[in-house]
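Undergrad: So the protein sequences, as listed, match chains A and B.
All letters in the first sequence, in the order written, are residues 1 to 471 by the UniProt record's numbering.
All letters in the second sequence, in the order written, are residues 1 to 471 by the UniProt record's numbering.
In this text, a Cβ means the ideal position worked out from N, Cα and C, and glycines have one as well.
Supplied in C-alpha cells, the structure appears directly below.
2 protein chains.
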Amino acid sequence: MAIKDVKAGLRNEEGISTVLGILKQSFGERFQTGQSFREQHAHTTTYLPAQLPDGVVFAESADDVKAVVRACAEHRVPVVPFGVGSSLEGQVNAPSGGISIDFSRMNKVLRISPADLDVTVEPGITREELNRELRDTGLFFPIDPGANASIGGMTATRASGTNAVRYGTMKDNVLSLTVVTADGEEIRTAQRARKSSAGYDLTRLFVGSEGTLGVITSVTLRLQGIPEKIGGGVCAFPSVKAACDAVIMTVQMGIPVARIELLDDVQMRACNAYSKLSYPEKPTLFLEFHGTEETVALQSAQFAEIATECGGDDFLWTANAEERAKLWHARHNAYWASRALAPELDGLSTDVCVPISRLAECVAETQADIAEQGLLAPIVGHAGDGNFHVLVLFDGKDPASVEKVEAFIGRLNHRALAMDGTCTGEHGIGQGKMSFLEEELGGAVHLMRTIKQGLDPKNIFNPGKIFRNAE
Amino acid sequence: MAIKDVKAGLRNEEGISTVLGILKQSFGERFQTGQSFREQHAHTTTYLPAQLPDGVVFAESADDVKAVVRACAEHRVPVVPFGVGSSLEGQVNAPSGGISIDFSRMNKVLRISPADLDVTVEPGITREELNRELRDTGLFFPIDPGANASIGGMTATRASGTNAVRYGTMKDNVLSLTVVTADGEEIRTAQRARKSSAGYDLTRLFVGSEGTLGVITSVTLRLQGIPEKIGGGVCAFPSVKAACDAVIMTVQMGIPVARIELLDDVQMRACNAYSKLSYPEKPTLFLEFHGTEETVALQSAQFAEIATECGGDDFLWTANAEERAKLWHARHNAYWASRALAPELDGLSTDVCVPISRLAECVAETQADIAEQGLLAPIVGHAGDGNFHVLVLFDGKDPASVEKVEAFIGRLNHRALAMDGTCTGEHGIGQGKMSFLEEELGGAVHLMRTIKQGLDPKNIFNPGKIFRNAE
C-alpha cells in the first residue's frame, strides 16, 4: 500500500548535529537550516507527506559535493540530492533527516561537441535551460518528461516521457557520468565513446538509482539534430482497443513517430472543459512526426491509413508550427485540465508500463475499476511504450478516500505486473512503490540490495528509497 | 601488455575433483572430461593461449545450470559459460580450471510476440538460427557482430557490430534476462515492458559482465521489422580524414544509415587480392540503408551529396539485392582477405572506440604507427560509432614479433584513451584488456570489483576475466 509505506526512519541525532556544525563552518551562507529552506527541499509534487532534511547545501562544484559526502559518511548522516523537486514518488524526502544537496547552482554546460552530438552538463541544469543553450548548435536533447526537471534528477529516476518512443529514455541517452561515491571520491563511469564493452555498465547502474548509490556531479548526454520539419496530428477512436491497435500497427510498421500519446475519454472531457475545445470525448491519439517535409508527410499519410483501418475518425494533421501547437494544446495542458476537474481535491499521478500488446486490456480494466469505485481519474498514456499514467483525484484529508485510492493503486500495479509489465515506467520507486518492486522482481531485489550495501555500506545515500530501510 | 596478462590462476584441486565426481553422477554422458572436449571449450579465436576447463556440462535447462552452479559454489570451483567460442579476448578460457557450461543444446526460441516486437530465447541459440526462426514473422534481430555468435555470448560481451549505428548494441536490445546467481537461484532482471524505472538496471549490469556475475539462462530481445527495401553502396575517398568527415556529416544530418563501414587502403588491397576485385585501393566506406524504395533512394542521394562534398569518388549504390551483395562482398570477406595476406602468420583482432570527431586522427596515427613498425595490419571500422578493428598479422612463435605487437597494442589503447575513447568498443575486456580497463576507468574499477565481490563472493563466475584474480 503506497501511502502507508512512507514511514520516518531512525534519526542519527548525534551525527546530524555534528554534520550541521561542520557544514555551517565550511559553507557559511551556502548552508541553510531554516524551516522554509527545509520545506522547499522536501516539497514533492506527490500525495506523499513531506519529510524535511535538516539542512540544505547549495553546491557549486564537485568539490562541494565531496565535502558534504565526506562529512556525512564520517558521521553516518543521510545525503539527499535535490534537482528541482519534480519527482513523483517521494525521491527527495528525508525520512531519516540529513542533508539535502541543492544543485540549482551547478547548472552549467561544461562542453559541447556538435561533431559527436554530445554535451556534458552539471546536474542542476534543467532540460529547458539545456535546450536553450543548445539552440545555436542545431542540436537538441529530446527527453521530455513533462516537468522542466533537472538533468541530474532525470538521470537519477531514469526519466522518459512523451518522445521516448522515438529517442529512448535516459538510459539510452546518458553516455557517461561523474559520481561522488561513498568514500567521497569522484569516479567517471565511462569515457565519451558512443559505445564500449569495457567492464560493467556503471553508467546504466547509476541511471535510475535514485541517488541511493552516489551523487551525480556531471552528465554526458547524446544529442539529436533539430528536425527540419515537425508534424503534429490528432485522431479520435471508438475505443481504447481501437486506438491501441493503431499504435501497435504503427510500431510494427516501423513508422518512426516521435510521440504517440493516448488520452482517454475522461481526459478529453477535462481538456475540452479546461481549454474550451470541442474535441470528440473519445479515446484520442496525439501524434508528432520528426523529419523533413517529405518524410513527415509520408509518415502522416501512413498513419492516416492505419487509423482508418482501425476505425478511427479523420486524422487531422499539420506541418505548420502554429497549427500544430493548437492541435497539441489539449495534450500539453492535460495535467492542469485534469486538476481543474476538481480543484479542491488532491492529485496523485501514478504510472505503470506493460507490453504494448496488453496496453488496451490494461487501460480498459483500469477504466472499469475506476468506474466501479466511483473514482475521478483521467488516463494519459505514452502509448508507443505501453506506459500510462492515472491521475487520481481524491481528498487527501479523508481517510476513506485515501484508503480507496491505495486499494486502487494496489490493483493497478497487480494488473500491470500480471501482464508482464512494470510497476513504474518512468516515475521510479522512491518511497511510493517499494512493495510493488518486491512483487515485481522478487529475488532480483536481493541483488539490488547487495549492490546497495557494497557501494553504500553506511547507507548514507538517500536511505529509505527503493528499498525499505533496514533500520 | 595484453598477452603477458594471461596467467594461470590458482587451482582448487580438491574442490575440482569433488565437483567432477558430482557432475559425473548427475549428468552422465552430458558431462565430458575428455581432452578433446576440454580443448574445444577453451578454443578462442584469439592470440591468447588456451586454458582448458576440467570438464564440460552440456546444459539442457535452467535446472541443469542451477545444479552446476550449486555444486561449484559449494566447492568453490570456477564456472565458465560457453556459447560458440567466438569471443576474442579469452572470455571462455579457464585460467583456474573448473567447469565449462556448454549452451549449444539450450538453443530454443521460448516465445515470440510480433505485436510487442520481442522474443525470448535460450542463450545457446545463434543469431543466424534466431533470424531463421523469425523469418515468417516479418521481424529480425539486427545485431550482427560478424561471427555467428550465440545470443548468450553476445549478451555477455555487450556485442554490437556493423549495424549498431542504426539499431544500437546489445545493451539497447536486451529487454530482460534470467540469470542463475551465486546462490544457485534463478532471478529475472526485468519484466517484458519496453521500459521501466523499477530499481537498479540489472539487465544492463549483466549485459557485458562476461559471465563474471552469474550465468544467463534466457534472453528477451527487442526485434525490428524486416525493412521493405535494403540499399547498399560503396564510395572511395582520398584519405581517412575525408571518409570520416563524410561519416560525421551523415550522422549529424540524421541520415539513418543502417551500416557505415570504413576499410582502409591496406584492407582494400587485401580484399581486391582475395576476391579478385578492382576497387580503388583507397580508404573506402561501405554503406547500407534500410527503409522503403523511396527512403532508401532519398538517403542514398543525400549521402552521395555528402561524399562529393568531402572529395569522395562516385558513390555506387543499388537497391537490387544481388548487386548489393556484390558491392558488399569485399566488406563481408574482409577478415579472410586480411588473413590471406599472410596465411602463415597468426592474426590478432583488437578493437578500440573513440568519439567520432577523433576517429580520423586515431586511425591515421595508428596507420603511421603500423608503417613505422613495419607491421602488416589492415583496419576496418564501424565508423558511425567511432569503433575500429586492427587485425595484426604476426608470428606468434617469434618472441620479438609478439613483443612488437604487444607494444603496438599498448600504444593503440593509450592513443584511444587519450582521445576520450575506450579500450574496447565491442570485444570486451576478457583476459586481454585488463590493464587497459584500469587505465581507462581507474576508480570506477574499484566499484566494479565491489559489485563482483557482492554478487559472487566466492569468485566462482568466470574468474580471471575483467579483473585480475586476487588469488
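Measure the C-alpha to C-alpha separation of A/Ala2 and A/Gly464 and round it to an integer number of angstroms.
TA: In this predicted model, A/Ala2 has a pLDDT of only 44, less than 50, meaning its place in the structure is not dependable; the value taken from the coordinates is given anyway. Each residue's Cα considered, the two are about 14 Å apart.
Undergrad: According to DSSP, is B/Ala2 helix, strand or coil?
TA: With a pLDDT of 44 at B/Ala2, under the threshold of 50, the modelled position of this residue cannot be trusted; read the value that follows with caution. Reduced to three states, the DSSP call for B/Ala2 is coil.
Undergrad: Out of A/Phe467, A/Asn459, A/Leu447, point me to the one whose CA is closest to B/Val179's CA.
TA: B/Val179 has its Cα closest to that of A/Leu447, out of A/Phe467, A/Asn459, A/Leu447.
Undergrad: Report yes or no: is there a C-beta of chain B within less than 9 Å of the C-beta of A/Cys310?
TA: Answer no: the Cβ-Cβ gap between A/Cys310 and chain B never drops below 9 Å.
Undergrad: With the cut-off set at 9 Å, would you say B/Pro123 and B/Thr162 are in Cβ contact?
TA: Not a contact, by the Cβ cut-off of 9 Å.
Undergrad: Measuring only the C-alpha atoms, how far is A/Leu341 from A/Leu134?
TA: Cα to Cα, the separation comes out at about 37 Å.
Undergrad: Checking contacts by CB at 9 Å: is A/Glu13 closer than that to chain B?
TA: Cβ-Cβ to chain B under 9 Å: no for A/Glu13.
Undergrad: Does the separation of the CB atoms of A/Gly254 and B/Gly225 fall below 9 Å?
TA: Cβ atoms of A/Gly254 and B/Gly225: closer than 9 Å.
Undergrad: Does the region 8-21 of chain A touch the region 388-400 of chain A, meaning 3 or more C-beta pairs lie closer than 8 Å?
TA: As far as the Cβ criterion goes, the region 388-400 of chain A does not touch the region 8-21 of chain A, which means the pair count is below three.
Undergrad: Does the Cβ-Cβ distance between A/Asp313 and A/Lys276 come in under 9 Å?
TA: Cβ distance not < 9 Å, so A/Asp313 and A/Lys276 don't count as in contact.
Undergrad: Per DSSP, B/Glu288 is paired with what?
TA: B/Glu288 pairs with B/Gly232, B/Arg259.
Undergrad: Would you say A/Lys229 faces chain B, with C-beta separation under 9 Å as the test?
TA: Chain B contact via Cβ: absent.
Undergrad: So the candidates are B/Gly15, B/Ala182, B/His382, B/Arg111; which of them puts its Cα closest to the Cα of B/Ile248?
TA: It is B/His382 whose Cα lies nearest to the Cα of B/Ile248.
Undergrad: In terms of DSSP beta bridges, what is A/Thr220 paired with?
TA: Partner(s): A/Thr120, A/Ser176.
Undergrad: Would A/Gly184 count as contacting chain B if we go by Cβ distances under 9 Å?
TA: So no, A/Gly184 is outside the interface.
Undergrad: Does A/Gln431 come within less than 9 Å of chain B when only Cβ atoms are used?
TA: So no, A/Gln431 is outside the interface.
Undergrad: Is the Cβ-Cβ distance between B/Leu287 and B/Glu261 less than 9 Å?
TA: Yes; because the gap between Cβ atoms is below 9 Å, this pair is in contact.
Undergrad: Report the three-state DSSP secondary structure of B/Arg194 (helix, strand or coil).
TA: Coil at B/Arg194, not helix or strand.
Undergrad: Mind pulling the chain A residues with CB within less than 7 Å of B/Ile187?
TA: In chain order: Gly443, Ala444, Leu447.
Undergrad: Once the 5 residues before and after B/Glu471 are set aside, which same chain residues still bring their CB inside 6 Å of it?
TA: For B/Glu471, the predicted structure reports a pLDDT of 42, less than 50, and the residue's modelled location is therefore unreliable. The matter cannot be settled from this model.
Undergrad: The region 342-373 of chain A: which residues have C-beta closer than 7 Å to a C-beta of chain B, in chain order?
TA: Per Cβ criterion, the list reads Cys353, Val354, Pro355, Ile356, Ser357.
Undergrad: Should A/His427 be flagged as near chain B, meaning a C-beta pair shorter than 9 Å?
TA: Yes, contact with chain B.
Undergrad: Just the Cα atoms here: how many angstroms apart are residue 498 of chain A and A/Glu60?
TA: Limits of chain A in this structure are 1 at one end and 471 at the other, which puts residue 498 of chain A out of reach.
Undergrad: If you count every other CB in all the chains shown that lies within 10 Å of the CB of B/Ala273, and 16 or more means buried, which is it?
TA: The residue is exposed, with fewer than 16 neighbouring Cβ atoms inside 10 Å.
Undergrad: Output yes if chain A places a C-beta closer than 9 Å to the C-beta of B/Gly146; else output no.
TA: Output row for B/Gly146: interface = no.
Undergrad: For the alpha helix (DSSP H) that A/Asn413 lies in, which residues bound it at each end?
TA: Counting along the chain, the alpha helix (DSSP H) containing A/Asn413 begins and ends at 399-418.
Undergrad: Is DSSP giving residue 543 of chain B helix, strand or coil here?
TA: With chain B covering 1 to 471 only, the question about residue 543 of chain B has no answer from this structure.
Undergrad: Looking only at its chain, what residues have a beta carbon closer than 8 Å to the beta carbon of A/Lys452, apart from the 5 residues adjacent to it on each side?
TA: Thr212, Leu213, Asn459, Ile466, Phe467.
Undergrad: Considering Cα atoms alone, identify which of A/Gly34, A/Gly430, A/Leu417 is closest to B/Ala190.
TA: Ranking the options by Cα distance to B/Ala190, first place goes to A/Leu417.
Undergrad: Report, in whole angstroms, the separation of the C-beta atoms of B/Ser218 and B/Thr120, which I expect to be a contact under 8 Å.
TA: So it is a contact: roughly 6 Å between Cβ atoms.
Undergrad: On the DSSP bridge list, what partners appear for residue 472 of chain B?
TA: Outside the shown range of chain B, which is 1 to 471, sits residue 472 of chain B, and nothing can be said about it.
Undergrad: In the structure shown, what three-state DSSP assignment does B/Ile99 receive?
TA: Strand.
Undergrad: Secondary structure at A/Arg11, three-state DSSP: helix, strand or coil?
TA: A/Arg11: coil per DSSP, three-state reduction.
Undergrad: Going straight from the alpha carbon of B/Asn107 to that of A/Phe303, what length do you get?
TA: Cα to Cα, B/Asn107 sits roughly 38 Å from A/Phe303.
Undergrad: Could you tell me whether the Cβ atoms of B/Lys195 and A/Asp201 are closer together than 9 Å?
TA: No.
Undergrad: Where does B/Ile451 fall in DSSP's three states?
TA: Reduced to three states, the DSSP call for B/Ile451 is helix.
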